[in-house]
Amino acid sequence: MRFEFTAEEEAFRADVCAFLQRELTPDVWRAHRDPNEQGFWTPEFTKAFRRKLGAAGYIGMGWPAEYGGGGRSRIYQTIFAEEMEYHRAPGLDRSITYVPNAILAFGSEAQKQAFLPRINRGELSWFVGYSEPEAGSDLANLQTRAEADGDAFVITGQKAFSSEAHMADYGWVAARTNVDVPKHRGISMFIVDMKSPGIRVTQVPTVAGWTHHAVYLDHVRVPRDLLVGEVDEGWSLVMGGIDFERAALAAPGLVSHQLDRLIDYCSVEQDGHAPLLDDPIVQDQLVGLSMEAEIARLMSYWVASMHAQGQRPQHETSLAVLYKRETSRLADNLGIDLLGADAPLRADSPRAKFGGEVEVEYWDHLYFQFAAGGFDITRNVIARRGLGLPR
Ligand SMILES: Cc1cc2nc3c(=O)[nH]c(=O)nc-3n(C[C@H](O)[C@H](O)[C@H](O)COP(=O)(O)OP(=O)(O)OC[C@H]3O[C@@H](n4cnc5c(N)ncnc54)[C@H](O)[C@@H]3O)c2cc1C
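Per full-length UniProt numbering, the very first residue in the sequence shown carries number 1; after that it's consecutive.
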């Protein structure tokens, strides 16, 4: 058992780091950060940056060469996600993590040819249309209807928590095609062109300060060739694909970033007071956080190595996401504690530390922990699939 990366993988990490440092200069941060956006960068900058990721070959590097991919192992994708998170870079979202992997796994050959090259070039933004007002944790309860009509399906319904739908070119949308079967059956998956008539995107304010979105579909016609997989078989696509999203969410760059930021803060005098690191209790807290961060990192690598060996992790991905999220909460709380009165200062305050991001992240993570299944749901997955505990 060797816990180390190859020389090529380390060189790749250095390459990604250099790219991100070159692209995300302090001037770029000042010009393009946006607290009203979910990704904290303006949509225009996020889209432009995604094209740069595509041009650098980072998006499709793990895909088969026949779809323009680089054929590299999942280890590279994990390193990439870790560095993107660490540098708080824009665009590490469903458009390059979840959707292309789902298309690769479940799409028709025509769908792969139509979408993967464009995704690989960073040209497309996506929203994922699963959740609804009455279908969150109980996703199989979704009510959005898709009815066959000649060479198309007609979709009507409402999607909730529709991350970045306002900037999406396409939706990856689950809808009910059959009401006469148990609710887990009778669901189908569609690719929906967001320029289609009948689509309305609305704004929803969040406790995190940024604006979430909801999508209303009113008799939206979707060509039959944009049905993904078989009619009524969509649930297996939802379940099969969620692992891609959870694996991306397990990337450990965020907690390393939080830890390093706190060490920086505590290393220097603040307002003429001795550095907080002089206090052994603070040192103890930071050491505790660093241990948790290290475990979160190793769990993420564990999931990546399973993928790289062609295995399909089940509860392991949930363990990794849960540990990462709990560690991140630990870092949030410690950050608020250590920064004290400096924590709530926003970016435009001359006294603000780290652009006010410690407190912004505190609220963001409070909300974001529910994405792709909250703490309870993740624990349920571990209990059932990992430990075999009864329902
Ligand atoms: C930042 C963010 C981004 C998101 N992005 C998207 C997106 O792009 N596309 C999309 O489709 N959805 C998205 N979601 C929705 C997300 O998947 C749901 O929030 C999640 O599935 C939970 O659903 P809910 O919010 O309706 O909570 P509910 O299902 O109503 O749950 C409420 C509470 O009860 C708990 N609970 C529910 N059922 C159980 C149970 N069986 N056992 C124990 N506890 C339970 C939950 O953990 C939670 O604490 C996003 C959510 C967030 C917060």
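All C-beta atoms, glycine included, are put in the ideal place defined by N, C-alpha and C.
As the structure is a prediction and not an experimental result, all values here were calculated from the model.
One or two residues paired with residue i in a DSSP bridge
i    : result
L217 : G157, I199
P205 : T211
G129 : V173
P280 : Beta-bridge pairing links P280 to no other residue.
E233 : I187
L227 : F190
V222 : F153
A135 : E132
H87  : Paired residue(s): none; H87 is not in a bridge.
W302 : DSSP output for W302 lists no bridge partner at all.
H273 : Q270
Backbone secondary structure at residue i - three-state DSSP
i    : result
V179 : coil
F190 : strand
L339 : helix
E147 : strand
V268 : coil
R312 : coil
R33  : strand
W63  : coil
H166 : helix
Residue from the options whose Cα sits closest to the Cα of residue i
i           : options                : result
D332        : G374, D284, H257, R297 : H257
E82         : T327, S300, G68, G386  : S300
D180        : D93, G198, R145        : R145
F5          : V201, G91, A250, Y76   : Y76
L338        : W363, M306, V381, L259 : L259
F106        : Y86, E10, E233, Y170   : E233
K183        : P280, D138, W363       : D138
I242        : S131, L20, L227, R351  : S131
G70         : E85, G54, C266         : G54
Q38         : F12, L20, R88          : R88
R297        : R391, R325, F127, R94  : R325
W172        : A214, R200, V128       : V128
W29         : D364, P390, E357, I377 : E357
P197        : I155, N178, R176, A140 : I155
W126        : Y58, T46, A65, A148    : T46
Q111        : D169, I191, G186, I96  : I191
R176        : G209, F153, Y170, D169 : F153
Q143        : Y216, A343, A165, V201 : Y216
residue 392 : L319, L286, R2         : Residue 392 lies beyond the stretch modelled for the chain, which goes from 1 to 391, so this question has no answer here.
Heavy atom of ligand 1 within 7 Å of residue i beta-carbon
i           : result
D284        : no
F370        : yes
F40         : no
G209        : no
I377        : yes
V201        : no
residue 395 : Residue 395 is absent from the model: the chain starts at 1 and stops at 391.
N380        : yes
G373        : yes
S95         : no
F190        : no
D279        : no
Y367        : yes
Y170        : no
S318        : no
Y130        : yes
S328        : no
S163        : yes
E138        : Reading the sequence as shown, one finds Asp at residue 138 and not Glu. It does: the Cβ of D138 is within 7 Å (strictly closer) of some heavy atom of ligand 1.
F127        : yes
Close-in-space but distant-in-sequence residues of the same chain around residue i (CB under 6 Å, 5 per side omitted)
i    : result
G68  : G60, P117, N120
L366 : none
A102 : G241
F115 : I103
V99  : W126, W172
Cβ neighbours of residue i in the same chain (closer than 7 Å, five flanking residues each side left out)
i    : result
T206 : H212, Y367
W41  : H32, R33, D34, P90
P133 : Q158, A160
F354 : R261
L24  : H87, A89
N141 : E134, A135, K183
T327 : V255, E292, A293, A296
W235 : A140, H184, R185, I187
D15  : none
Same chain, Cβ closer than 8 Å to residue i, five either side skipped, listed in chain order
i    : result
A372 : I242, E245, R246, L249, V321
A304 : R74, I75, Q77, T78, A247
Q113 : Y67
L92  : A81, M84, E85, A248, A251
G124 : Residue identity check: residue 124 is Leu in the sequence provided, not Gly. Counting only Cβ-Cβ distances below 8 Å, and skipping sequence neighbours, we find S95, F115, R118, D169, Y170.
T317 : D243, R246, A247, A250, V303
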